[in-house]
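In what follows, a single structure is set out as structure tokens and then discussed.
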Amino acid sequence: MTVVTRFAPSPTGYLHIGGARTALFNYLYSKHTGGTFLLRIEDTDRARSTQPAIDAIIDGLKWLGLNWDGDIVFQFARAPRHREAAEQLLAEGKAYRCYCTPEELTAMREEQKKNGWPMRYDGRWRERKPSESEAKLPFVVRLKAPIAGETVLDDLVQGQVTVANSQLDDMVLLRSDGTPTYMLSVVVDDHDMKITHVIRGDDHLTNAFRQHQLFRALGYTPPVYGHIPLIHGPDGAKLSKRHGALGVEAYRDLGLLPEAMRNYLLRLGWGHGDDEIISDAQAIEWFDVKDVGRGAARFDMVKLTNLNGHYIREADDARLVGLIKPLIEKRANLPVDDAAHARLTRGMAGLKQRAKTLIELADSAAFYARGRPLALDDKAKAILAEGGKAVLAQIATALDAQSSWTAADLEAWAKAFGEAKGLKLGQVAQPIRVALSGSTVSPPIFDVMDVLGRAETLARIRDAVGA
RNA sequence: GCUCCCAUCGUCUAGAGGCCUAGGACGCGGCCCUCUCAAGGCUGAAACACGGGUUCGAAUCCCGUUGGGAGCGCCA
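All you need for the numbering used here is the position in the first sequence, starting with 1, plus 11.
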């Protein structure tokens, strides 16, 4: 049997972190088993579904590199098929019409709550035939679910879970306007799309029991379920906007790399021995839904950021330059011309070692793109004021005679210069750093001199001396 | 309230009865390296929620308690 998984978000908002992980797990499991991974947009709630949300989900999945197989299935487009399934059930006596008004149901629930009873539809129309006047009223179609016995699910993550059928009420299949509900649509679509494994959030566990009953009523074979725990915020409560349940695009804008996101999300609720850095190939090889933990995990931005630093260090220089170029232009309001682009490329090896996000990377790289004279930050100014300027003046003169301009030779020169003047290397290097970068923090300064080149280096040093 | 689920360092996790003096990672402290900042190396503090069983032996199995979570819509 070929595995078919699906990610089935409802387009009522962005692709949040929990959804992204669900998509990742479905994707990995399909790849692991050599199966297929489908995307279905559950847009049956016409009032809340929006095109921007659909776009955000698609963009988010693409950014994460979770490419689905085949065409996207839009659930609402299949409503006639769903309705047909409900009609079939009605004809077979496995479903029935319920003429309750919303007010009536609300009253029923309030009564149940007041008395401490379970809150469930009580099946009042299950066996009842409407009178002539009642038959003209709007109705919904409900499943005639089994009352006795129990429904057992062998969940890949949660294990065997049993619920008494008395706990499950008769769910609505068709609304009073004739449109199919989520419950009906999911079951019919999962069947028609030949989904074999449903991997989704824990919050759907109780739905799985109802859906299982519907599968049976329709004569379909239910898929295998795997309900993964939800992601919680730092305080242990369900992740909300307050915590960081942002759309994945927000994480992209924070300067995170998709591979860092994938690695982090994978390790949330799943582990493979002591492995922390896991490549995509290893993830596909190792991942199995049954190894996902049962407890909810808390989202930790700090760890995500640490992982991101690792992936930035590993990333290709040209790719990083491409990613930070627009950030430099926007954040520092600097045009990045060809000369700057070349410097960024040459300097990237030193730059990427010390950044945890692309934002940090862009900010730390901006000095390569800046024109003269460089603006200095406060700490940099202090260095110059505390004797740095005098040292720099001597450096400028001495450096004029320096012919070889490699990082190694420049360092040797600086050491010799320092010894001759009775200065420690730091006392030579720091003023240069300030002059060249405008700050007290930068990549190794002799590398920077190399990247900047002789003319620009000397010019920036003279600027600082004259400032 | 009812139903279901969960429980190892602050956090993510390893651990499927003896390999556990409980391992790794992030974070935190110290040291080293060092032209700054990082990165890296070494190192320290830090956990089996509690109570009963079962067993020669329990983080691992069972029961209870406590704590947390999810669901209970003509939303998905």
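Every residue, glycine too, gets a C-beta built ideally from N, C-alpha and C. Just so we're clear, the structure is a prediction, and the values are computed from it rather than from any experiment.
Inspect the beta-carbon positions of residue i and residue j and report whether they are closer than 7 angstroms.
i: lysine 155; j: tyrosine 107; result: yes
i: proline 234; j: histidine 208; result: yes
i: leucine 355; j: alanine 376; result: yes
i: valine 197; j: valine 151; result: no
i: threonine 468; j: isoleucine 210; result: no
i: histidine 93; j: glutamine 169; result: no
i: lysine 363; j: leucine 331; result: yes
i: alanine 90; j: proline 191; result: yes
i: histidine 223; j: threonine 173; result: no
i: leucine 410; j: arginine 32; result: no
i: aspartate 54; j: phenylalanine 18; result: no
i: glutamine 441; j: isoleucine 406; result: no
i: leucine 39; j: isoleucine 295; result: yes
i: arginine 309; j: proline 245; result: yes
i: leucine 77; j: alanine 228; result: no
i: tryptophan 74; j: proline 269; result: yes
i: aspartate 166; j: tyrosine 236; result: yes
i: alanine 248; j: leucine 164; result: no
i: alanine 88; j: glycine 24; result: no
Hey, how far is the Cα of residue i from the Cα of residue j?
i: asparagine 319; j: glutamine 293; result: 18 angstroms
i: phenylalanine 298; j: alanine 307; result: 18 angstroms
i: glutamine 438; j: glycine 429; result: 8 angstroms
i: arginine 221; j: isoleucine 370; result: 47 angstroms
i: glutamate 325; j: arginine 444; result: 26 angstroms
i: isoleucine 242; j: arginine 278; result: 12 angstroms
i: glycine 433; j: tryptophan 424; result: 14 angstroms
i: proline 149; j: aspartate 56; result: 19 angstroms
i: leucine 50; j: valine 462; result: 47 angstroms
i: alanine 146; j: asparagine 274; result: 57 angstroms
i: alanine 343; j: glycine 258; result: 25 angstroms
i: lysine 205; j: proline 337; result: 44 angstroms
i: glycine 271; j: glycine 284; result: The amino acid at residue 271 is misidentified as glycine; the sequence shows alanine. Each residue's Cα considered, the two are about 19 angstroms apart.
i: lysine 341; j: alanine 58; result: 37 angstroms
i: aspartate 291; j: methionine 119; result: 52 angstroms
i: glycine 71; j: threonine 61; result: 15 angstroms
i: serine 142; j: alanine 102; result: 20 angstroms
i: leucine 315; j: glycine 212; result: 21 angstroms
i: glutamate 260; j: leucine 250; result: 17 angstroms
i: glycine 333; j: aspartate 327; result: 10 angstroms
i: glycine 134; j: aspartate 264; result: 50 angstroms
i: glycine 398; j: glutamine 413; result: 23 angstroms
i: glutamate 121; j: glutamate 114; result: 11 angstroms
Output needed for residue i: all residues of its chain with C-beta closer than 6 angstroms, excluding positions within five of it in sequence on either side, in chain order.
i: tryptophan 416; result: Arg465
i: glycine 304; result: Gly280
i: glycine 266; result: Thr368, Leu369 and Ile370
i: glutamine 123; result: Met130
i: tyrosine 132; result: Asp180 and Asp181
Can you tell me the Cβ-Cβ gap for residue i and residue j, rounded? I've got them flagged as a contact below 8 angstroms.
i: phenylalanine 48; j: tryptophan 79; result: 5 angstroms
i: alanine 380; j: isoleucine 339; result: 6 angstroms
i: isoleucine 68; j: leucine 26; result: 5 angstroms
i: alanine 404; j: valine 459; result: The Cβ separation is near 20 angstroms, so there is no contact.
i: leucine 195; j: alanine 97; result: 6 angstroms
i: isoleucine 472; j: alanine 431; result: Not quite, the Cβ-Cβ distance comes to about 18 angstroms (not below 8 angstroms), so this is no contact.
i: proline 20; j: glycine 30; result: 5 angstroms
Looking at residue i and the ligand SAM, is the gap between the Cβ and the nearest heavy atom below 6 angstroms?
i: glutamate 296; result: The model on display carries no ligand, and the ligand SAM is accordingly not part of it.
Excluding sequence positions up to five away, which residues of its chain have a Cβ less than 7 angstroms from the Cβ of residue i?
i: serine 9; result: Beyond the ends of the chain as shown, which are 12 and 478, falls residue 9; an answer cannot be given.
i: aspartate 388; result: Gly449 and Ser450
i: arginine 153; result: Ala106, Tyr107, Cys109, Asp181, Met182, Val183 and Leu184
i: asparagine 126; result: none
i: valine 199; result: Arg92, His93 and Ala96
i: glycine 160; result: Asn176
i: alanine 351; result: Tyr379 and Ala380
Just to confirm my understanding: we take residue i, look at its own chain, exclude 5 residues before and 5 after, and list those with CB closer than 8 angstroms. What are they?
i: alanine 366; result: Gly320, Ile323, Leu372 and Ser375
i: proline 455; result: Gly361 and Ala418
i: glycine 104; result: Lys155
i: glycine 358; result: Ala376, Tyr379, Pro454, Asp458, Val459 and Val462
i: valine 347; result: Lys336, Ile339, Glu340, Leu355 and Ala380
Just to confirm the assignment: which complete alpha helix (DSSP H) runs, minimum length 4, are found wholly within the region 353 to 440?
369 to 380, 389 to 394, 400 to 411 and 418 to 432
Counting only runs that start and end within the region 181 to 267, where is the alpha helix (DSSP H) found for 4 or more residues in a row?
193 to 203, 216 to 229 and 259 to 264
In the region 17 to 63, which residue ranges form an unbroken alpha helix (DSSP H) of at least 4 residues, counting only runs that do not cross its ends?
28 to 44
Would you mind listing the alpha helix (DSSP H) stretches within the region 277 to 348 that are 4+ residues and don't spill past its ends, in chain order?
291 to 297, 312 to 325 and 328 to 342
Give the list of continuous alpha helix (DSSP H) stretches no shorter than 4 residues that lie fully inside the region 73 to 138.
90 to 102 and 113 to 126
Quick one: which unbroken alpha helix (DSSP H) runs of 4-plus residues sit fully inside the region 448 to 474? Chain order, please.
456 to 463
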